[in-house]
Amino acid sequence: MVPIFDRRTNAYILVLAFILMAISPALTADAVNIPSDLNTGPYVDKVVFKVIDDFDQKILSLLSGDIEFDTHFNTPDIIPVLIEHPDISVYTALRYGYGHITINCGKYPLNITGFRKAFAYAFDKTRVTIDVWKGYAQNHDSLLPYLNEFCIEDQLPYHYYLAQPELGNQILDDLEFDVDPVSGFRNAPDGTPFKVIIEYASSRYEIAGASAQIGVDALLSLHVNAEICQTSFWDIYTRLDNHEDYDMVFYAFNFLSNEIDAMLSEYWSKFIDVPSFNPCNFKNQTFDSWYNRLLYSTSYEEILEAASAIQLILHENVPRLVVYNNMFMAGYRNDVYTGHIEDKRHYVVGPWTFRKIQKIDGNTGGTVKVGIESSQLWSFNIFVDPYTPTSLLLWSSLYSMDPNLNPWPYLAKSCIKETHAENRAVPDGHSRFTFDLIENATWSDGTPLTADDVAFTFNYLVESSVYGNLAAAPFFELVAAYTPRPFRVVIEFSTDSYWHFYNIAYTRIIPKHIFSEPDGIGYRKWGYWNPVFDPKEPYITSGPFNLTDFETGDFCELSVNRDFCYFPNLNMSTTSETTPTTYHGEPFNVSLAITGGAVGAAAVILVGGFILQKQRILNLER
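Residue numbers for the sequence shown follow this note's numbering, beginning at 85 and rising by one.
Here it is in structure tokens:
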């Protein structure tokens, strides 16, 4: 296929690049304006996800109007093409994630902290920002994304923004990484020669390959033998997942929430031999001590203190080097629909947009077509792949994550948290949450959704954990989930933690009458439950859309659920009309709808990848 990108636009991009670089990063962190009737919708009839794996074909489909959205970001060279099109708008926001190079801290001599630090000093992040991203990115060091409220990027005592190979070479000299007079490359301190391979997983060189090459250039400036290597994504992912051999790997994260406990679990030494965890093979006792404090802290101030200390430790030890924090640039059609919702997690192509958009002429209805990649549409089992674009439109939870990544009431109208200090009936050391629910929610087969389903969900997760259900990870300290009233559920933990509410809030609620034993799916079959692919498996959901058609590798059709609890023809609950107050982890003492703060997973040691799967999506940067 002939490239559709006009290289003559480079001059235009460079001019725009310097304009963007002049903008303070803080300006990109402003809160998204949220409509008070956020829950109300949908107004369209259908959302159809069309599988288009070829990048050029996706752009052509957007330009022709065959799709209204593309779920992936656009690279800098295509932006002028989209901007010039009269029926396409481009939403640009700082990405809630970053591109990075993961370093194998368990492999000699990469396990030497000074070597990794020398590499960080030699790496030219500004070159990535200018040459690779054409100014559509900013330099970044912290392993928390810039938009996370606990990120201390602007308070770090020093930065790795500019190439400083002189500092890196001095560090390596002091560590006795001597330069071999014959090869011209450094040997390890034990005298053995070594070579560093930086791998990247992408069929396109523009972002991934170019970033990895700059890493190779940094190593060469340190007299370290190095080269770039393109590898298949699944090969790299498997090796990272299973702690198999590699040196350095470039890939990217999109974080899906503010849950810093799960973000930082990537570096916890308790996970160093656990599949799907700690791919850096990083081990540091001081980090572990602060991470344990992070898990069991109960106040915002304690969390901030621990998060700050942890970021400083990671900054000094460099188990992973962030190479850019780019702008997420999403092109979308503006000639049929209006009302798009800006979202820090999904940008402009997410569940809130599909809930709120309607035709420009004010009429409801219509079919929205979205381009996705086949890797985004491989399972409808929410325990196996809980964050597909479809699952967020099919399932409900007690709270949604609003466009600012804060909790927004969904099935819950209110929540009260109590400890022994507020209620003597709560055992000392425990924390108890009482949720009152809306009363007009139903399952897609017409069965009412009640507190019984909510209590059953959390009990199901715990019971199915013995059969390997990783979704139980945040609930190993759960001691009770019961229903004193049809629309009231009580959930109690044996500990008190800042994170417990958030673990409960976003868990997808499952239908008791479908999963309960002995006639339902049961505890053993959580991982074998194969809805859609096996028509004999029941797929009863509760979200704003129902699944109505699907073809493997081709498309997925969702049709509006007219029995949805917030469908616009219904009498809306007041929770959709009230802007919740900000919550920063202080004890609950009134019935309220909660927003704000970070979100997380419980302090548990487990086998598997649910927390990481919950936190971020690995990306093959183009």
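Using N, Cα and C, we set each Cβ at its ideal position, and we do this for glycine too.
- Unbroken alpha helix (DSSP H) stretches of 4 residues or longer found wholly inside the segment 587-652: 596-599, given in chain order.
- The alpha-carbon separation between ASP137 and LEU122 amounts to approximately 32 Å.
- Ranking LYS367, HIS156 and TYR335 by CA distance to the CA of PRO403 puts LYS367 first.
- Between PHE157 and ALA414, the beta carbon gap of about 6 Å places them in contact (Cβ cut-off 8 Å).
- Beta-bridge partners of ARG439 (DSSP): none assigned.
- Between PRO487 and ILE236 the beta-carbon gap is near 24 Å, outside 8 Å, which marks them as no contact.
- Spatial neighbours of GLY434 in its own chain (CB-CB distance under 7 Å, excluding positions within 5 residues in sequence) are listed in chain order as ASP427.
- If the five residues before and after GLN297 are omitted, its C-beta is found closer than 6 Å to the C-beta atoms of ILE312, all from its own chain and listed in chain order.
- Remark: three or more beta-carbon pairs, one from each stretch, lie closer than 8 Å, so the segment 342-355 and the segment 215-232 are flagged as touching.
- In this structure, the CA atom of GLU547 is about 19 Å from the CA atom of TYR590.
- DSSP places ALA272 outside any beta strand (DSSP E), giving it a letter other than H or E.
- The C-beta distance from TRP613 to GLU621 rounds to 6 Å, short enough to meet the 8 Å contact threshold.
- The shortest CA-to-CA distance from SER373 to any of PRO363, PRO277 and ILE397 is the one to ILE397.
- Here TRP492 is bridged, per DSSP, to SER484.
- DSSP, read as helix, strand or coil, puts ASP427 in strand.
- Assignment of ILE575 by DSSP, reduced to helix, strand and coil, places it in the strand class.
- When secondary structure is reduced to three states using DSSP, TYR551 falls in the helix class.
- Assigned with DSSP and collapsed to three states, HIS514 falls in coil, not helix or strand.
- Under the three-state reduction of DSSP output, ASN158 falls in the coil class, being neither helix nor strand.
- Between GLU152 and VAL468, the CB-CB gap reaches or exceeds 9 Å.
- Sixteen is the threshold: since fewer than 16 other Cβ atoms of the shown chains lie within 10 Å of the Cβ of PHE617, the residue is exposed.
- As for any beta strand (DSSP E) of minimum length 3 sitting wholly inside the segment 298-351, the runs are 310-314 and 332-339, ordered along the chain.
- Straight-line measurement puts the Cα of LEU306 at about 22 Å from the Cα of HIS224.
- Bounds of the beta strand (DSSP E) holding ASN409 are 404-417.
- Residue environment: ARG592 is assigned as buried (16 or more neighbouring CB atoms within 10 Å of its CB, all protein chains considered).
- Relative to GLU400, the option among LYS201, GLN442, PRO126 and CYS640 whose CA is nearest is LYS201.
- Between PHE464 and LEU642, the gap from beta carbon to beta carbon reaches 9 Å or more.
- Comparing alpha-carbon positions, the option among LEU379, TYR335, ALA302 and VAL308 lying closest to TRP318 turns out to be TYR335.
- The alpha-carbon separation between LEU166 and VAL407 amounts to approximately 26 Å.
- Here the alpha carbon of ALA535 sits roughly 22 Å from the alpha carbon of ASN507.
- A straight line joining the alpha-carbon of GLY530 with that of LEU478 spans about 15 Å.
- Restricting attention to alpha helix (DSSP H) runs no shorter than 4 residues, the segment 144-210 encloses them at 163-167 and 197-206, ordered along the chain.
- Excluding the 5 residues flanking it on each side, PHE355 has same chain C-beta neighbours closer than 7 Å at SER349, PHE361 and ASN362, in chain order.
- Under the criterion of beta carbons closer than 8 Å, THR422 and GLN442 qualify as touching, at roughly 7 Å.
- Around the C-beta of ARG439, 16 or more other C-beta atoms lie within 10 Å, and the residue is accordingly described as buried.
- Per DSSP, reduced to three states, the secondary structure at ILE255 is helical.
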